[in-house]
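Visitor: Using numbering that gives the first Met the number 0, read the sequence shown as starting at 0 and increasing by one per residue. Cβ atoms here follow ideal geometry from the backbone N, Cα and C, with glycine treated the same way. Remember, it's a predicted structure, so these values are computed and weren't measured experimentally.
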Amino acid sequence: MTLNESDTRSKLIDPVLHTRGWTEDLIRREETAGAVEISENRARRRSHGRVDYTLRVKVTQDSQPVAIGLIEAKAEHLPPDHGLEQAKAYSVSKRLNVPFVFSTNGHLFVMYDVFTGVTSKPRKLDEFPRPEELRSAYERGMGFTLDSEAAKPLLTRYSGGEATRRYYQDAAIRAVFEKIAKGDNRALLSLATGAGKTFIAVNLLKRIADAGQLRRALFICDRDELRAQGLAAFQNVFGADAAAVVKGNPQKNARILIATYQTLDVDTEEADANFLKMNYPENYFSHIIIDECHRSAWGKWSEVLKRNPAAVQVGLTATPRQLKGLNWSEFPEDDQVTADNIHYFGEPVYEYDMSQGMDDGYLAACEIIQRDIFLDEKPQSERETGVEQNDLKDKTLTDPLTGEAVDYKRLSKKYSASSFEDRLQMPDRVQAMCEDLFDLLMRTGGPEQKTIIFCARDPHADKVAIAMNNLYAAWCKTNDIKQLQPYAFKCTAASSGNDQLADLRGASRSHFIATTVDLLSTGVDVPVVQNIVFFKYVQSPIAFYQMVGRGTRLHPPSGKLMFRVYDYTDVTRLFGQAFLTRFIKEPENKAITSDPKPFTPPVQVEGFEVTINEAGKSILTMVDGKAMPVTVEEYKERLTCDLVTHAPTLDDFRRLWVDPSARHDLLDKLPDGARSALLVRALEDMDAFDLYDVLGELGYGLNPRTRLDRAAAFTYKHSAWLNTMPKQSAETLRALALQFGRAGTDGLESPHIFDTPEVEKAGGLIALRAFGQPAEILRETKARIFAA
């Protein structure tokens, strides 16, 4: 019998690797948390994540091992290069940031070299490169040696050990150190919100400090809230050597300074950088980390970088800004520094996006609920029709500040939907949207869910908070439930919203609904948030991703594994779009040639009939390398095409499904890997069905059976076969079928299945041996279960 992937690794690959010098301390198993599935309005984590086997080298016995290779094991009966494209893609996309990728069936291996782009011919496994050989190839490709002074940070250990870091955080840190070791002092990291950029910043500086290369460092961010978060993280590692810069106290005795743009006087175009210049001479800092470096792009914070040209400069962001529509030769040198992250820092040395984080289980899964808004029974939605002057002639029009009547003829000829609740304030629309949202919250757990609603302007945020409070009060009265106050509240800069962030984050019995414009759009860490709601129209992909990012963090204390995006303005169309900002060159003689636009005061309009319809439900997943929302129909179509390509008939599919190795290979070929079937099961509300039935119905028209039905059918349809064996053997197989009814294919193949009480009581492994080879009996049992 040929060996599967797991047996190939343990029985054929590992022994040879050990003889070639790859001891256990040089092989690390990087296991992810396990992706989150969404089903029946709930989220649950898959029991096992993906495991990658990385090869690492050490310069000394006590130095930090440096990952330089990835090895993929395949079943013994497959060719050695089988699946290399998958591993190669991992490496090319820098998921593990390793330059050498190996694929082997336990007898032969092939190697892909990222430096050369060449895949080797198959070679005997006993010719596998030794650690010193692979290290030499790594050093040649990188252009530096690991024992050089420039590479010392790579060799310093994590101060708290490796247990706390995630694989992608280590990959990102190594990528920065590698670029620095090559002699480049600028590096850009692009990681999804919630992926732990602050952890990376702290460990970057700590390992540089332990290597003896850090003189003074500056961690610069954009808000007091972010400064407080950063200070706590740095002091946890550096103690009193880390301090927050505030006006009047430059903290020059500390080695690690945490400051905001505002404190340094570099936050606007008009800022003079006085605090920076007065307290920190040129080249004062040896290392600078710019948090959320896509922000404040048009301010004067380039002064920080220009005054420290010798410093190592690292930019952190989830959305690296790139400009379009300009000629760099005509662009002022000062502005080049911060306007375009990629032009200044270079391409990101490492990227980890939202969909990767969700697939790995480090970020909350995302369900998207889309709505369409219609005004006055028009056949098209408001974003398509807008509001024309004629639509207003029969409405009640007033000045929102004075209450005075307004003549519709004085208004603009047309208002686009993006001007709603700004230039055109519509109380009927606000009420209808809030009622619809409140109803959706009731369907998914009740009104007392932590929620952020993004509104068009401050007055809009006020009105939404009032409407949500009134709806909650009415619901409490109807159901004789005590109100938890405050329920909905405005959280904007104008309302001193920072004062209530702690309650939004920490209070479990109040502060449920935060209405905001942009105060909560970036940087603020509120893991408990369950819903992100868009009542405002958003044009910028950068702003949109930052807003969605408020919901991506997991929250273990509350069991949060997923969040929802309620999209009332078609904002989720921005998923997958590039982070481009159009550059608009202002006229040189603007003060002379440009006339100011006339001020158009807002007007309040009452009398609209507002209808809100369902516009679809989808789940965020990876499509062509980008995080995209997919509906059931479009996803099923892509999945079906790939499925029948690799398993043309139901018999082919069943044969592959029974063999774990063949099944994994088949699932790997689907659009989203194994997650494809999980997504379809979630979208189709088929939680009671095994993935075999989900895919069987999708690709081959199989009449799906629930797991329990299929287990029961096995018992009576194959009773004649069961009666041919000893009673205890038959009872054991019936108990195994019961485990399938509970946990499906994964449950049947669990290494602990013979430890379950029912199986043990029936006779277990000993009973199966009385009838034959247990592995063959289990294989036959699976085949009969799926044929039932």
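How far does the alpha helix (DSSP H) with Glu29 in it reach, from first residue to last?
Guide: Taking the sequence shown and counting its residues from 1, one reaches residue 29 at position 30. Note, Glu29: premise wrong, no alpha helix (DSSP H); beta strand (DSSP E) at Ile26 to Glu30.
Visitor: State the Cα-Cα distance for the pair Glu381 and Asp393, rounded to the nearest angstrom.
Guide: Position 382 of the sequence shown, counted from the start, is the residue given in the question as residue 381. Position 394 of the sequence shown, counted from the start, is the residue given in the question as residue 393. Whole-angstrom Cα-Cα distance: 18 Å.
Visitor: Looking at the structure shown, is Gln388 part of a helix, part of a strand, or coil, going by DSSP?
Guide: If you number the sequence shown from 1, residue 388 lands on position 389. In this structure, Gln388 counts as helix in the three-state DSSP scheme.
Visitor: Between which two residues does the alpha helix (DSSP H) holding Leu107 run?
Guide: Taking the first residue of the sequence shown as position 1, residue 107 is located at position 108. Taken as a continuous stretch (DSSP letters only), Leu107 belongs to no alpha helix (DSSP H), being part of the beta strand (DSSP E) at Leu107 to Asp112.
Visitor: Given a cut-off of 7 Å on the beta-carbon distance, is the pair Ala32 and Tyr361 in contact?
Guide: Numbered from 1 along the sequence shown, position 33 holds the residue referred to as residue 32. Numbered from 1 along the sequence shown, position 362 holds the residue referred to as residue 361. Result yes, Cβ atoms of Ala32 and Tyr361 sit closer than 7 Å.
Visitor: Contact between the segment 141–157 and the segment 73–85: three or more CB pairs below 8 Å?
Guide: Counting Cβ pairs under 8 Å, fewer than three are found: no touch.
Visitor: Taking just the CA atoms, how far does Asp209 sit from Tyr279?
Guide: Counting from one through the sequence shown, the residue named residue 279 turns up at place 280. Counting from one through the sequence shown, the residue named residue 209 turns up at place 210. Computed Cα separation, rounded: 24 Å.
Visitor: Which runs of the alpha helix (DSSP H) fall wholly inside the segment 343–396 and span at least 4 residues, in chain order?
Guide: You should have 353–359 and 381–384.
Visitor: Do Leu665 and Leu677 come within 7 Å of each other at the CB atom, strictly closer than that value?
Guide: Residue numbering aside, residue 677 sits at position 678 when the sequence shown is read from its first letter. Residue numbering aside, residue 665 sits at position 666 when the sequence shown is read from its first letter. Not a contact, by the Cβ cut-off of 7 Å.
Visitor: Can the beta-carbon of Met467 be found less than 7 Å from the beta-carbon of Cys433?
Guide: Looking up residue 467 in the sequence shown gives position 468. Looking up residue 433 in the sequence shown gives position 434. In this structure, Cys433 lies closer than 7 Å to Met467 by Cβ.
Visitor: Three-state secondary structure (DSSP) at Ile451?
Guide: To locate residue 451, count along the sequence shown from 1; it is residue 452. Strand at Ile451.
Visitor: Just to check my reading of the structure: Thr450 and Phe488 have Cβ atoms closer than 8 Å, yes? What is that Cβ distance to the nearest angstrom?
Guide: By one-based count along the sequence shown, residue 450 stands at place 451. By one-based count along the sequence shown, residue 488 stands at place 489. Actually they are not in contact, since the Cβ atoms of Thr450 and Phe488 sit about 11 Å apart, beyond 8 Å.
Visitor: Compare the beta carbon distance of Ile611 and Val564 with 7 Å and say whether it is the shorter of the two.
Guide: Counted from its first residue, the sequence shown places residue 611 at position 612. Counted from its first residue, the sequence shown places residue 564 at position 565. For Ile611 and Val564, no; Cβs fall outside 7 Å.
Visitor: Counting C-beta neighbours from all protein chains within 10 Å, is the total for Leu764 16 or more, i.e. buried, or is it exposed?
Guide: For the purposes of this step, residue 764 is taken as residue 765 along the sequence shown, with counting starting at 1. By the 10 Å Cβ count, Leu764 comes out exposed.
Visitor: If distances are taken between C-alpha atoms only, which option among Arg185, Ser147, Phe198 and Thr744 comes closest to Ala170?
Guide: Here residue 170 refers to the residue found at position 171 of the sequence shown. When only C-alpha atoms are compared, the closest one is Phe198.
Visitor: Looking at Ala317 and Ala191, is the spacing between their C-beta atoms short of 7 Å?
Guide: Walking along the sequence shown from the start, residue 191 turns up at place 192. Walking along the sequence shown from the start, residue 317 turns up at place 318. A contact, by the Cβ cut-off of 7 Å.
Visitor: Less than 7 Å between the C-beta atoms of Ile255 and Ala200, yes or no?
Guide: Here residue 255 refers to the residue found at position 256 of the sequence shown. Here residue 200 refers to the residue found at position 201 of the sequence shown. Contact: no.
Visitor: Using only CA atoms, which one of Glu269, Met277 and Tyr283 lies nearest to Trp300?
Guide: As a position in the sequence shown, residue 300 is number 301, starting the count at 1. Here the closest residue by C-alpha is Glu269.
Visitor: Mind checking whether Asp421 and Arg456 have CB atoms under 7 Å apart?
Guide: Here residue 421 refers to the residue found at position 422 of the sequence shown. Here residue 456 refers to the residue found at position 457 of the sequence shown. In contact: Asp421 and Arg456 (Cβ atoms closer than 7 Å).
Visitor: Is it buried or exposed for His17, if we count other Cβ within 10 angstroms and need 16 for buried?
Guide: Stepping through the sequence shown from its first residue, residue 17 is reached at position 18. By the neighbour-count rule (16 or more Cβ atoms within 10 Å), His17 is not buried but exposed.
Visitor: Apply the 10 Å Cβ neighbour rule to Met441 and answer buried if 16 or more other Cβ atoms are within range, or exposed otherwise.
Guide: Here residue 441 refers to the residue found at position 442 of the sequence shown. So Met441 counts as exposed.
Visitor: What residue range does the beta strand (DSSP E) around Ile790 cover?
Guide: Missing from the structure shown is residue 790; the chain here goes from 0 to 787 and no further.
Visitor: Alpha carbon to alpha carbon, how far is Pro486 from Ala506?
Guide: Residue 486 sits at position 487 when you count from the first residue of the sequence shown. Residue 506 sits at position 507 when you count from the first residue of the sequence shown. Reading off the sequence, residue 486 comes out as Tyr, not Pro. Cα-Cα distance, rounded: 11 Å.
Visitor: Gln388 and Leu423 - do their beta-carbons sit closer together than 7 Å?
Guide: Counting from 1 along the sequence shown, the entry for residue 423 is found at position 424. Counting from 1 along the sequence shown, the entry for residue 388 is found at position 389. Not in contact: Leu423 and Gln388 (Cβ atoms no closer than 7 Å).
Visitor: Measuring straight from C-alpha to C-alpha, what distance separates Ser539 and Phe453?
Guide: Here residue 539 refers to the residue found at position 540 when the sequence shown is read from its first residue. Here residue 453 refers to the residue found at position 454 when the sequence shown is read from its first residue. Approximately 14 Å between the Cα atoms of the pair.
Visitor: Which residues mark the beginning and the end of the alpha helix (DSSP H) in which Gly402 is found?
Guide: As a first step, residue 402 is located in the sequence shown; it is residue number 403 there, counting from the start. Premise fails: Gly402 is in no alpha helix (DSSP H) and is neither H nor E.
Visitor: Look at the alpha carbon of Gly238 and the alpha carbon of Leu374, and state the distance between them as a whole number of angstroms.
Guide: Against the sequence shown, residue 238 aligns to sequence position 239. Against the sequence shown, residue 374 aligns to sequence position 375. Going from the Cα of Gly238 to the Cα of Leu374 covers about 58 Å.
Visitor: Rounded to whole angstroms, what's the CA-CA distance from Ser718 to Lys120? Just pull it up for me.
Guide: For this step, residue 718 is matched to residue 719 along the sequence shown. For this step, residue 120 is matched to residue 121 along the sequence shown. If I take the Cα positions, the gap works out to 51 Å.
Visitor: Let me know if Asn252 comes out buried or exposed under the rule of 16 or more other beta-carbons within 10 Å of its beta-carbon.
Guide: To locate residue 252, count along the sequence shown from 1; it is residue 253. Exposed.
Visitor: Tell me which residues share the same chain as Phe437 and place their Cβ nearer than 8 Å to its Cβ, disregarding the 5 neighbours each side in the sequence.
Guide: Locating residue 437 in the sequence shown gives position 438, counting from the first residue. Cβ within range, chain order: Pro446, Met467, Leu470, Tyr471 and Trp474.
Visitor: Taking His640 as part of the alpha helix (DSSP H), name the residues at either end of that continuous run.
Guide: Numbered from its first residue, the sequence shown carries residue 640 at position 641. Here residue 640 is Cys; the residue named in the question, His, does not match the sequence. Val631 to His645 is the span of the alpha helix (DSSP H), which, as asked, contains Cys640.
Visitor: Excluding the 5 residues preceding and the 5 following Leu391 in the sequence, name in chain order all residues of the same chain whose CB lies nearer than 8 Å to its CB.
Guide: Taking the sequence shown and counting its residues from 1, the one referred to as residue 391 is at position 392. The residues are Tyr407, Leu410 and Val604.
Visitor: DSSP has Asn530 in a bridge; who is on the other side?
Guide: Residue 530 sits at position 531 when you count from the first residue of the sequence shown. BP columns for Asn530 point to Thr450 and Arg563.
Visitor: So for Pro628, helix, strand or coil by DSSP?
Guide: The count along the sequence shown starts at 1 and reaches residue 628 at position 629. Reduced to three states, the DSSP call for Pro628 is strand.
Visitor: Leaving out five residues on either side along the sequence, give the residues of the same chain with a beta carbon under 6 Å from the beta carbon of Ser11.
Guide: As a first step, residue 11 is located in the sequence shown; it is residue number 12 there, counting from the start. What sits at residue 11 in the sequence shown is Leu, not Ser. The answer, listed in chain order, is Gly105.
Visitor: Kindly identify the DSSP beta-bridge partner or partners of Asp51.
Guide: As a working note, residue 51 is residue 52 in the sequence shown. According to DSSP, Asp51 bridges with Glu29.
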